[in-house]
Each structure stands twice: as C-alpha cells, then as structure tokens.
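Take a look at the structure set out below.
Protein chains: 2
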Amino acid sequence: MARVLDGKTLAKEIKDELKIKIHDWINIGHRAPSLRCIIVGNDPASHTYVKNKIQAASDVGIEAETIKYDETFTEDALIAAIESLNRDKNVDGILVQLPLPGGIDERKVCNTVAPEKDVDGFHITNVGQLSLDMPTIVPATALAVIEMLKRFKIETFGRNAVVVGRSKNVGMPIAMMLHSDGNHDSGLGMDATVTICHRYTPAEQLELHCRNADIIVTATGIPKLIKANMVKPGATIIDVGITRVQSEQGKTKLVGDVDYDEVSKIAGAVTPVPGGVGPMTVAMLMQNTFQAAQKQRGS
Amino acid sequence: MARVLDGKTLAKEIKDELKIKIHDWINIGHRAPSLRCIIVGNDPASHTYVKNKIQAASDVGIEAETIKYDETFTEDALIAAIESLNRDKNVDGILVQLPLPGGIDERKVCNTVAPEKDVDGFHITNVGQLSLDMPTIVPATALAVIEMLKRFKIETFGRNAVVVGRSKNVGMPIAMMLHSDGNHDSGLGMDATVTICHRYTPAEQLELHCRNADIIVTATGIPKLIKANMVKPGATIIDVGITRVQSEQGKTKLVGDVDYDEVSKIAGAVTPVPGGVGPMTVAMLMQNTFQAAQKQRGS
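As given, the protein sequences belong to chains W and D, one line each in that order.
Residues 2 to 300 (my numbering) are what the first sequence spells out, left to right.
Residues 2 to 300 (my numbering) are what the second sequence spells out, left to right.
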C-alpha cells in the first residue's frame, strides 16, 4: 500500500515552525505580521475558506482580519478599498477571496493588490517573476505541492512529472516550478521533465503520459479522473482536486481527482483528500504573509 | 520526404504585409514606427544580428537606429541610456542585444526597458502577461514558432507537443503558448498537450517523449540532437537551434538541433536551418515594433 503523504500533520509542523519564527521576530521589536482577507458576497465555501485562513493566522501569530462586503459591492469600490490597504503601513498582506461576484473583473482586482502585499501571488509581476525563476510570492496551492515534494523527499530531478490541469493559479505555476532549473534564484526549480495535460488531452494520451510518470500532480476537480491503470507502480500522486459530493448516506464529503482506494494499491505515495494539499495551502499562505512582512520591513 | 517549412519565404510575406500596414498607418497621419537597438561590445555575431534587424526595419518602413557602446560601458550608464529612451516620445521600441558583457546584470537591464517599448518581450510584466494568456509583447523567437505553426496550418489542438530546451526567452514561452487555452485573450493558446524536456531529461526519456510527439520544437544549440529514430512518422519538427560549425572545407556554416537529412525522411514537415525560424524571428520583431507603436499611440 502507498505511503500516505499526510498534509495535515506536515501543515501543523510548518505552522509550528512559523509560530516560533514569528515569535522571535516580534521579540526583536517588530509588530506582528498583518493580513487582510477581503470577501465579497455570501458564497458559503468561500466564507469557510476565509475562516480557516483567519484561524491559521491566529495560530501562528499573524494579526488577521476579514473585511466583508455584500454582493452588490462594485468593482470600483473594491479597487478603492484595496488601494487604501496598499497604502496602509500597518498591513503586510492582502488577499481577495475568489471567486468574486459576476461583473467584477478578477484579473483587474488581483492586479490592484500591491505586488509586495500580494500573498496569493496572483499579481502579474509575481507571475512574471515566478516564470523567470526569480524570488517572488508563489501562489499558495502551487507552493504547497512543491513543499510537500521537498519535505517528503520525493526525487524530482530528471524524473517524469505530469501536471493535469492548466489553471493559472494552480496547474501552470506547478508546471513552471517542476520543470525549472534548481540552481536558479528562486530555489524552487525541481528539474523534472514535465508534461502539462488538460481538458483537450485525449483520454488515451492522458493515460499514456500518466503511466510514464514518476510524479502525477492533478488539479482538475474531476472525481476519480486518475485511476489505478493510469499509475506506474511506485509513482507519487499529489491530488490537488477538491470536489464536494453527496455520499450514499446523503452527507456532503470532499473528494479529490484520484480514485484513492484503487490507486493507493499501486502508487508509492499519495496525498489524501481531505488532509493532503488543502491544509498545506493554508500553511503556505501563512508563510507567504510572514515573508511579505519581512521583505517590506527590511529583514 | 518531409514538407519544408520555408521560414525565409514566409518571413518575406509577413514583412510585405507589414510594409503595407505601416504604409497605411503613416498615410493616416502617424510618423513611422521607430526602433532603437542597443549593442554593447564587439561580439561579431551580435553585430550581424543587429544589422539584420535594422535592414528588416528599413524594409518594412520602421525608422531604426543602432546605438553602439564599447565593452567598458557600465551597467549604470546603460540603464541611464535606456531610461532616456523610455522617456523619448519619438521612440516606440527598444531592444538590447544579448548577451551583454560580463558584469552587467541582463535581468536588471531587460527590466529597465519600459514594458510598452519592450519589443523583445523580456520585461517581467510582459512575461507575466504571457504566462496569464493576456495580450502582451511576446519574445520574437517564441512568437515565430507559433506563427509558423499557424500559417503552415499545423494542427496543435489536443496533439502532443514536445519542447526541448527550457530557456526563459525561447523554450519557456513556447511551452506556455503551446499548452494554453486558445479561447483566452492572447489568442496565442494552441491547446496542445506539452512536454518540456531539458538538459536533465535522460536520453531514453527524451527519445520516448519525442517519438510520441506530433510536434517537436527544439531549442538547445546541440547539433544533431534530434535524430530520425526519435521522430514519429509524419510529425512536424520546428528547429530553433542555431550553431556555427566548421564544414569539412573549413567554412563556417549554420546548423540546427535536427539531423536534417535523416529526419526529413521520416517527418511530415520540418524547418530548415538556416532559412527556418531565424528569418521569422526578425519578421516577428518588426511586428512587435509596429504593435508597440500602435498601442502607445492609441490605435
């Protein structure tokens, strides 16, 4: 049976490390790092995500606040609110919970957050720096995947990796770091040979690429997309998918992209859902916030 | 025998089209688009490249000038010179011929060129926009590859493409456009399944990935890297490599990454070297310059 890559426990370890670092940083005279989470509208999942982020911030010693606006809040007003936080010297990190209500241009909003406060790593400047292997703020989910590969000591150098899903916040940055040169300044290059698959990859080609992969990272939101016959014995499977499904008992449960029970008989290592990439994403967001605070305050 | 994808003739066609468009644009009252090419030091190949660019500019009606500095020119002085061109309303496009002499930080220099005048597409903002599938200025060599695939009607949608080489100016942007969504704003997404191979891809894996590819784009500078046994019958091969080698007669000649004579017996289509991607790159640079001029002057 595959080794379970326990993201929940690892996230706890990382948050504990971060808590000590932040404590030390405050002890030498800095105020606590500060984060503002903007949420527009009433999407219950989004409110849950933001609540988890605020809780994690509080756990590690980051001073965090949620700023809630109702669904009728306009793009112009949102941009003005972000610009005010950009100017506020008491704010180190700003995140805008996505998705935003229809009619608001998410790209424009993401690009309004000052790059140095953009703890989600969605600003064009941060994406450009990531693509050039420069030190930058990396989208938390993508960073979580790389951090898991590193901490669980999964060899990537010269190995075949497949990334399933090409979203700009998840699949693309993961593929970027996985294929890049480990000697470049970011320190995040993994030197793998990387295949990017997506909705237009024919099923038989997806199968073929996956079966040749030492590492599969899947981020599609399609339950049971990755089946046992697509996995090379001993491969590592990182499941970024999170889909809410109804169980037979009528309860809601979270599932990933991987047919976990079958795949874990073949794979060498696999992340569970829930308890895999999800909690690691929140931990990486906290790391990004502390990094943003340190950089802005010159240490 | 493979169809020869004649880049020289296609580049001529594109430049002829561009010449008409620029002529029309000047006729409605605009001054000619203007380009400044900065070259530092005495590298003969670089001087040849710049000369070709100036010639192409003159062919299409772009007013172009070379600005030469000697090898001892400092980074600070170069940055000051670029900043002055950034402010100059009579300059639409600026390019700094690479490589720069040792001791000058190329990344810093590329990032000094104003993004809207950055006809090489190397500025962080332009790279970020490219990675997000936004309209932007795309590095000319990468754009040349995509334009050739389009104009020669090579199907990419859902096909397997391999990019060999992960350089930030060539391989990376090509892989980015090849895998991206054709419906996104850039209009450059090609919807292929893309595998990025590089120096750490084991030889037998490179062979395997290439043999499964409908399209191979190679940009390594390693002569005869791509051999006939690595090519699927009927595949399209785009050869971005340019290496100067000594022929048996002692003359210098240019060769690509592809074992052309053997590969052209197997492939469906192949670009020659010279006369393939090279001339197309210069044509795309002219297109970028006209695009920069139009955008800055609001049309």
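C-beta: ideal position from N, C-alpha, C; glycine also.
None of these values were measured; they are calculated from a predicted model.
Counting only beta-carbon atoms, is VAL171(D) nearer than 9 Å to chain W?
On the second sequence, position 170 is the one that residue 171(D) refers to. Not one chain W Cβ lies under 9 Å of VAL171(D).
Which same chain residues end up closer than 8 Å to GLU229(W) when comparing Cβ atoms and leaving out the 5 residues on each side of it in sequence?
Position 228 of the first sequence, counted from the start, is the residue given in the question as residue 229(W). The displayed chain sequence assigns Ala, not Glu, to residue 229(W). Spatial neighbours of ALA229(W) in its own chain (CB-CB distance under 8 Å, excluding positions within 5 residues in sequence) are listed in chain order as ASP260, GLU263, VAL264, LYS266, ILE267.
Please list the segments of the beta strand (DSSP E) lying wholly inside the region 146-170 of chain W, counting only runs of 3 or more residues, in order along the chain.
You should have 161-165.
Rounded to whole angstroms, what is the Cα-Cα separation between GLY183(D) and MET191(D)?
For this step, residue 183(D) is matched to residue 182 along the second sequence. For this step, residue 191(D) is matched to residue 190 along the second sequence. Approximately 5 Å, taken between the alpha carbons.
For the beta strand (DSSP E) containing LYS254(D), name the first residue and the last one.
Residue 254(D) sits at position 253 when you count from the first residue of the second sequence. Here the beta strand (DSSP E) through LYS254(D) covers 253-256.
Can you list, in chain order, the stretches of the beta strand (DSSP E) that have 3 or more residues and sit fully within the region 164-203 of chain D?
DSSP runs (the beta strand (DSSP E)) wholly in the region 164-203 of chain D: 194-198.
Same chain, Cβ closer than 6 Å to GLU208(D), neighbours up to 5 away in sequence not counted:
Working through the second sequence from its first residue, we reach residue 208(D) at position 207. Cβ within range, chain order: MET231.
Classification of HIS24(W) by the beta-carbon crowding that lies within 10 angstroms, buried from 16 upward
Translated into positions along the first sequence, residue 24(W) becomes position 23. Flag for HIS24(W) reads exposed.
Cα separation between VAL92(W) and ILE80(W)?
What you label residue 92(W) is simply residue 91 of the first sequence in a count that begins at 1. What you label residue 80(W) is simply residue 79 of the first sequence in a count that begins at 1. Take the alpha-carbon of VAL92(W) and the one of ILE80(W): they are about 16 Å apart.
Between the Cα of ILE239(W) and those of LEU226(W), ILE27(W), PRO116(W), LEU96(W), spot the shortest distance and give me the residue it belongs to.
To locate residue 239(W), count along the first sequence from 1; it is residue 238. ILE239(W) has its Cα closest to that of LEU226(W), out of LEU226(W), ILE27(W), PRO116(W), LEU96(W).
According to DSSP, is LEU11(D) part of a helix, a strand, or is it coil?
Numbered from 1 along the second sequence, position 10 holds the residue referred to as residue 11(D). Three-state DSSP puts LEU11(D) in a helix.
On a Cα-Cα basis, can you pick out the residue from ILE29(W), GLY62(W), PRO224(W) that is closest to LYS20(W)?
As a position in the first sequence, residue 20(W) is number 19, starting the count at 1. Distances from the alpha-carbon of LYS20(W) to those of ILE29(W), GLY62(W), PRO224(W) put GLY62(W) closest.
Can you tell me whether LYS151(D) is buried or exposed? The criterion is at least 16 other CB atoms within 10 Å of its CB, across all chains shown.
What you label residue 151(D) is simply residue 150 of the second sequence in a count that begins at 1. Within 10 angstroms of the beta-carbon of LYS151(D) lie fewer than 16 other beta-carbons, which makes it exposed.
Contact under 9 Å by Cβ, GLY242(D) with ASP258(D)
Residue 242(D) sits at position 241 when you count from the first residue of the second sequence. Residue 258(D) sits at position 257 when you count from the first residue of the second sequence. Yes. Within cutoff.
Provide the residue span of the alpha helix (DSSP H) that contains ARG88(D), from first to last.
Within the second sequence, the letter at position 87 stands for residue 88(D). Counting along the chain, the unbroken alpha helix (DSSP H) around ARG88(D) starts and ends at 76-88.
Residues that ALA270(D) bridges to, as DSSP identifies them:
Mapped onto the second sequence, residue 270(D) falls at position 269. ARG4(D), THR237(D), per the DSSP bridge assignment.
In the region 178-191 of chain D, which residues sit with their C-beta less than 8 Å from some C-beta in chain W, listed in chain order?
Listed by position along the chain: HIS180, SER181, ASP182.
Could you name the residues of chain D that LEU86(W) contacts, counting a contact when the two beta carbons are closer than 9 Å?
Taking the first sequence and counting its residues from 1, one reaches residue 86(W) at position 85. What LEU86(W) touches in chain D: nothing, since even the nearest Cβ is about 21 Å away.
Let me see if you follow: with CB-CB separation under 9 Å, is ILE155(W) close to chain D or not?
Here residue 155(W) is taken as the residue at index 154 of the first sequence, counted from 1. Judged by the 9 Å Cβ criterion, ILE155(W) is not in contact with chain D.
Extent of the continuous beta strand (DSSP E) to which SER35(W) belongs
Taking the first residue of the first sequence as position 1, residue 35(W) is located at position 34. Taken as a continuous stretch (DSSP letters only), the beta strand (DSSP E) holding SER35(W) covers 35-41.
Check for me: the alpha helix (DSSP H) holding LYS296(W) runs from which residue to which?
Position 295 of the first sequence, counted from the start, is the residue given in the question as residue 296(W). Unbroken alpha helix (DSSP H) run through LYS296(W): 278-297.
Return no unless some Cβ of chain D is closer than 9 Å to the Cβ of PHE291(W).
Numbered from its first residue, the first sequence carries residue 291(W) at position 290. PHE291(W) does not count as touching chain D.
Got a sec: which bits of the region 119-137 of chain W sit with their beta carbon under 7 Å from any beta carbon on chain D, in order along the chain?
Cβ contacts with chain D: ILE125, THR126, VAL128, GLY129, GLN130, SER132, LEU133.
Selected residue, minimal CA-CA separation from ARG200(D), among SER47(D), ALA294(D), GLY172(D):
In the second sequence, the residue the question calls residue 200(D) occupies position 199. Of SER47(D), ALA294(D), GLY172(D), the smallest CA-CA separation from ARG200(D) is found for GLY172(D).
Could one say the Cβ of ARG32(D) lies closer than 9 Å to chain W's Cβ atoms, at least one of them?
Here residue 32(D) refers to the residue found at position 31 when the second sequence is read from its first residue. For ARG32(D), the answer is no, since every Cβ of chain W falls outside 9 Å of its Cβ.
For THR219(D), would you say it is in contact with chain W, using Cβ-to-Cβ distances shorter than 9 Å as the test?
For this step, residue 219(D) is matched to residue 218 along the second sequence. By this cut-off, THR219(D) is not an interface position.
Is it the case that the Cβ atoms of HIS185(D) and VAL195(D) are separated by a distance below 9 Å?
For the purposes of this step, residue 185(D) is identified with residue 184 of the second sequence, where counting begins at 1. For the purposes of this step, residue 195(D) is identified with residue 194 of the second sequence, where counting begins at 1. Result no, Cβ atoms of HIS185(D) and VAL195(D) do not sit closer than 9 Å.
Anyone know if the C-beta pair for ALA204(W) and ARG160(W) falls short of 9 Å?
Locating residue 204(W) in the first sequence gives position 203, counting from the first residue. Locating residue 160(W) in the first sequence gives position 159, counting from the first residue. For ALA204(W) and ARG160(W), no; Cβs fall outside 9 Å.
Report all residues from its chain with a CB closer than 7 Å to the CB of ARG167(W); omit the five preceding and five following residues, and keep chain order.
Here residue 167(W) refers to the residue found at position 166 when the first sequence is read from its first residue. Exclusion of the five residues before and after ARG167(W) leaves MET173, ILE197, HIS199 as the residues of its chain whose Cβ lies within less than 7 Å of its Cβ.
With distances taken between CB atoms, is the gap from LEU101(W) to GLU66(W) smaller than 9 Å?
Start at 1 with the first residue of the first sequence, and residue 101(W) comes out as number 100. Start at 1 with the first residue of the first sequence, and residue 66(W) comes out as number 65. For LEU101(W) and GLU66(W), no; Cβs fall outside 9 Å.
Outcome for GLU14(D) when other beta-carbon atoms lying within 10 angstroms are tallied against a minimum of 16:
Here residue 14(D) refers to the residue found at position 13 when the second sequence is read from its first residue. Label assigned to GLU14(D): exposed.
Bridge partner(s) assigned by DSSP for GLY94(W):
The residue given as residue 94(W) occupies position 93 in the first sequence. Note: GLY94(W) sits in a beta bridge opposite LEU36(W).
Does DSSP put GLU66(D) in a helix, a strand or coil?
Stepping through the second sequence from its first residue, residue 66(D) is reached at position 65. In the three-state DSSP reduction, GLU66(D) falls in the strand class (E or B).
Nonlocal neighbours in the same chain, by C-beta distance under 6 Å from GLU64(W), ignoring five residues either side:
Position 63 of the first sequence, counted from the start, is the residue given in the question as residue 64(W). Sequence-distant partners of GLU64(W) (beyond 5 residues in either direction) whose C-beta falls short of 6 Å from its own C-beta, in its chain, are ALA33, SER35.
Cβ-based burial, PRO234(W) [other Cβ within 10 Å; buried from 16]:
Mapped onto the first sequence, residue 234(W) falls at position 233. Flag for PRO234(W) reads exposed.
Can you say whether ASP1(D) is buried or exposed, counting buried as having 16 or more other CB atoms within 10 angstroms of its CB?
Residue 1(D) is absent from the structure shown; chain D starts at 2 and stops at 300.
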